[in-house]
Structures are given as structure tokens and as C-alpha cells.
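Contents: one structure, followed by commentary.
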Amino acid sequence: MAIVVNLDVMMARRKMSLNELSVKVDLTLANLSILKTGKAKAVRFSTLEAICKALDCQPGDILEWVAESKIIANS
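Okay, here's the thing in C-alpha cells:
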């Protein structure tokens, strides 16, 4: 997948646990975990907005596009 989710990085920078973020964005731990591990197929803008608000960051701090060739080269 060419979109990398850096949610764990932002959570670590803000010293916020998955449980705490789950409460702040009103999302189940299971759904937040799926997003955090990069297994999500989609994310709603409203969810992304809530996460950015809770972590005081920009969408680009959480989502990153990486060229497929770089992913293959790093494997």
C-alpha cells in the first residue's frame, strides 16, 4: 500500500495512549487499531478531523504517500 499511516508516531509524540485517543475521538479501540496498523481501506474526513484535533496535528502528519518502488526496495 502506498499510503503509510503514522498514527502511532503522532500518538507517541503527544504521549497519548490508544485508549485515550479512542475516548477523545469517540471511535472504538478496534477501529482505531485497524487505522493505526494501516489495515484500514478508508478513513472518513470527520474521523481524520477528530484525530487531528485530538492530537493537535495536520492530516499530513498522520498520512504519508510513499512510492511503491521505495516500499519494495525497503522490503
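Here the sequence shown stands for residues 113 to 187, numbered as in the working numbering. Built from N, CA and C at the ideal position, the CB exists for glycine as well. Bear in mind the structure is a predicted one, so any value in this text is a computation, not a measurement.
{"Asked": "Alpha-carbon to alpha-carbon, Val137 and Lys148", "Found": "14 Å"}
{"Asked": "Short Cβ contact (7 Å threshold) for Glu180 with Ala114", "Found": "yes"}
{"Asked": "Contact the segment 145-163 vs the segment 119-136: 3+ CB pairs below 8 Å", "Found": "yes"}
{"Asked": "Beta-carbon gap between Leu167 and Leu144 smaller than 7 Å", "Found": "no"}
{"Asked": "Val178, DSSP secondary structure in three states", "Found": "coil"}
{"Asked": "Rounded C-alpha distance that separates Ile174 from Val155", "Found": "12 Å"}
{"Asked": "Helix, strand or coil at Val155 [DSSP, three-state]", "Found": "coil"}
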